[in-house]
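Each residue of the sequence shown is one higher than the one before, starting from 30 at the first, in the numbering used here. Virtual Cβ for every residue (Gly too), placed ideally from N, Cα, C. Notes to accompany the following structure.
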Amino acid sequence: MKPRTFGYLLKEGFKNIGRNKVMTTAAVFSIIASLFIFGVVLLIVFNVQNTADTLDSQVEIIVYLKDEISEAEVRKIGKQLEAMNGVDEVSYQSKADALRAMKEQLGDSGEILEGYTEETNPLPRSFSIKIHNPEWVRAVASNIEDKPWVETIKYNKEVVDTIERVTSAMRNGGVVLVIILAVVTIFVVSNTIKLAVISRRREISIMKYVGASDWFIRWPFVLEGAILGIIGAFIATLAIMFFYDSLLSKAGGFAFFVTLVPIEQVFKPIILSFLAIGIVVGILGSVISIRKYLKV
């Protein structure tokens, strides 16, 4: 397509927008509302995922060793654990270290442990294992628990399960909501373009009569839908960024257990996704409308 031709078609697209101001406004506001709701869902997903990643990094597998294991065997076991697939970091806690840690946890009540010596210390030796990917926690734990040198193994299974359920539900729910909003927005945009098509039926008939191709007639309406999508996307981006900035400024009072993502990290994915969805929805609305009402 020649630049001059594209310029003419783009100009016609803007003219269509000006001809139907009420429906155009309704279509733009529909896109803005849909994208804003989608943006809220996206921000929730980002922050839930970020919080989940923070909690995931704190999930550890604690492996308690049998008392009869020698120190040489302990060093060998430590190397085996470090070499396991998915293991990020391994730290060893001796019986003396475990006793010291227990005293610190008990605080003033730690005096009750003063009578224990290295020989009578009842606390077991242990390895603390951090996993590179939290999704591998169960696999690593399952691989370790049957080893002959393991007395018992402990990890916060409930935390891992909850994190996986919440993040999965947010992703699935977000996808469903986006589909519903997209369908509603396409319907509104389609009706907006339909009015433009109906109002220009006579002009379209003349253009067809003098030899204009189907796509030459369709392009202004397709560009109109894309322009509506772009306008809606930019306004929705400004609205959602203002909303999130306000939320961040007040987050200290209620988000003590949630690690909120900085605004600069969410701006780029939001504006890109808004533009992509806005343009696609606008074009789809136009194409559907033209296919049904434009008789060429």
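How close, in whole Å, do the beta carbons of residue 328 and residue 115 come, if the pair is a contact with beta carbons under 8 Å? There is simply no residue 328 to check, as the chain begins at 30 and stops at 325 in what is shown.
Using 8 Å as the threshold, is the region 295-303 in touch with the region 265-282, meaning 3 or more CB pairs across them? Yes, the region 295-303 is in contact with the region 265-282.
Proximity winner among 68, 160 and 260, relative to residue 118 (alpha-carbon distances): Reading the sequence shown from its first residue, position 89 is the one you call residue 118. For residue 118, the nearest C-alpha among the options comes from 160.
Does the beta-carbon of residue 282 have 16 or more other beta-carbons within 10 angstroms, so that it is buried, or is it exposed? By 1-based counting over the sequence shown, the position of residue 282 is 253. Bear in mind that a pLDDT of 47 at residue 282, under 50, signals an unreliable position, so the model cannot answer this.
Alpha carbon to alpha carbon, how far is residue 158 from residue 108? Give it in angstroms, no decimals. Taking the sequence shown and counting its residues from 1, the one referred to as residue 108 is at position 79. Taking the sequence shown and counting its residues from 1, the one referred to as residue 158 is at position 129. Spanning the two alpha carbons is a distance of roughly 12 Å.
At least three beta-carbon pairs within less than 8 Å, the region 48-64 to the region 208-218: The answer is yes - the region 208-218 touches the region 48-64, with three or more Cβ pairs under 8 Å.
Does the beta carbon of residue 40 sit closer than 7 Å to a beta carbon anywhere in chain B? Absent from the structure: chain B. Only one protein chain is present.
Starting from residue 174, trace the alpha helix (DSSP H) both ways and give me its first and last residue. Stepping through the sequence shown from its first residue, residue 174 is reached at position 145. For residue 174, the enclosing alpha helix (DSSP H) covers residues 166-174.
Which of the three DSSP states, helix, strand or coil, is assigned to residue 190? Position 161 of the sequence shown, counted from the start, is the residue given in the question as residue 190. Here DSSP, grouped into helix, strand and coil, assigns residue 190 to helix.
Cβ-Cβ separation, residue 257 to residue 53 (assumed contact under 8 Å), whole Å: Reading the sequence shown from its first residue, position 24 is the one you call residue 53. Reading the sequence shown from its first residue, position 228 is the one you call residue 257. Indeed they touch by this definition, with Cβ atoms about 7 Å apart.
Taking the C-alpha atoms as reference points, what is the distance between residue 150 and residue 126? Here residue 150 refers to the residue found at position 121 of the sequence shown. Here residue 126 refers to the residue found at position 97 of the sequence shown. Straight-line measurement puts the Cα of residue 126 at about 11 Å from the Cα of residue 150.
Residue 289 by DSSP, collapsed to three states: which one? Along the sequence shown, one-based indexing puts residue 289 at 260. In this structure, residue 289 counts as coil in the three-state DSSP scheme.
Residue 90, DSSP secondary structure in three states: Locating residue 90 in the sequence shown gives position 61, where the first residue counts as 1. Strand, per DSSP.
Cross-strand partners of residue 182 (DSSP beta bridge): Counted from its first residue, the sequence shown places residue 182 at position 153. According to DSSP, which records beta bridges pairwise, residue 182 is partnered with 92.
Rounded separation between residue 183 and residue 220 - CA only: Here residue 183 corresponds to residue number 154 of the sequence shown, with the count starting at 1. Here residue 220 corresponds to residue number 191 of the sequence shown, with the count starting at 1. Each residue's CA atom was taken as its position, placing residue 183 and residue 220 some 60 Å apart.
Taking the continuous alpha helix (DSSP H) assigned at residue 133, which residues delimit it? The residue labelled residue 133 in the question sits at position 104 within the sequence shown. Residues 124-135.
Which partner residues does residue 227 have in the DSSP bridge list? Taking the sequence shown and counting its residues from 1, the one referred to as residue 227 is at position 198. According to DSSP, which records beta bridges pairwise, residue 227 is partnered with nothing at all.
Contact belief for residue 307 with residue 246 at Cβ below 8 Å, rounded distance in angstroms: Taking the first residue of the sequence shown as position 1, residue 307 is located at position 278. Taking the first residue of the sequence shown as position 1, residue 246 is located at position 217. Separation of the CB atoms of residue 307 and residue 246 is rounded to 24 Å, and the pair is thereby denied contact status at 8 Å.
Whose CA, out of 97, 112, 153 and 133, lies closest to the CA of residue 123? Sequence index remark: in the sequence shown, residue 123 carries index 94 (1-based). Among 97, 112, 153 and 133, the Cα nearest to that of residue 123 belongs to 153.
Where does residue 279 fall in DSSP's three states? Start at 1 with the first residue of the sequence shown, and residue 279 comes out as number 250. Of the three classes helix, strand and coil, the one that applies to residue 279 here is coil, per DSSP.
Contact belief for residue 303 with residue 72 at Cβ below 8 Å, rounded distance in angstroms: On the sequence shown, position 274 is the one that residue 303 refers to. On the sequence shown, position 43 is the one that residue 72 refers to. In fact, because the Cβ distance is near 12 Å, the residues do not count as touching under 8 Å.
According to the Cβ coordinates, are residue 77 and residue 199 closer than 7 Å? Your numbering for residue 77 matches position 48 in the sequence shown. Your numbering for residue 199 matches position 170 in the sequence shown. A contact, by the Cβ cut-off of 7 Å.
I need the straight-line Cα distance from residue 74 to residue 100, nearest angstrom please. Reading the sequence shown from its first residue, position 45 is the one you call residue 74. Reading the sequence shown from its first residue, position 71 is the one you call residue 100. Straight-line Cα distance between these residues: approximately 47 Å.
Take the Cβ of residue 285 as the centre, count every other Cβ of all protein chains shown within 10 Å, and call the residue buried at 16 or more, exposed below. What you label residue 285 is simply residue 256 of the sequence shown in a count that begins at 1. For residue 285, the pLDDT reaches just 48, beneath the cut-off of 50, and the residue's location in the model is therefore unreliable, although a value from the coordinates is still provided. It counts as exposed.
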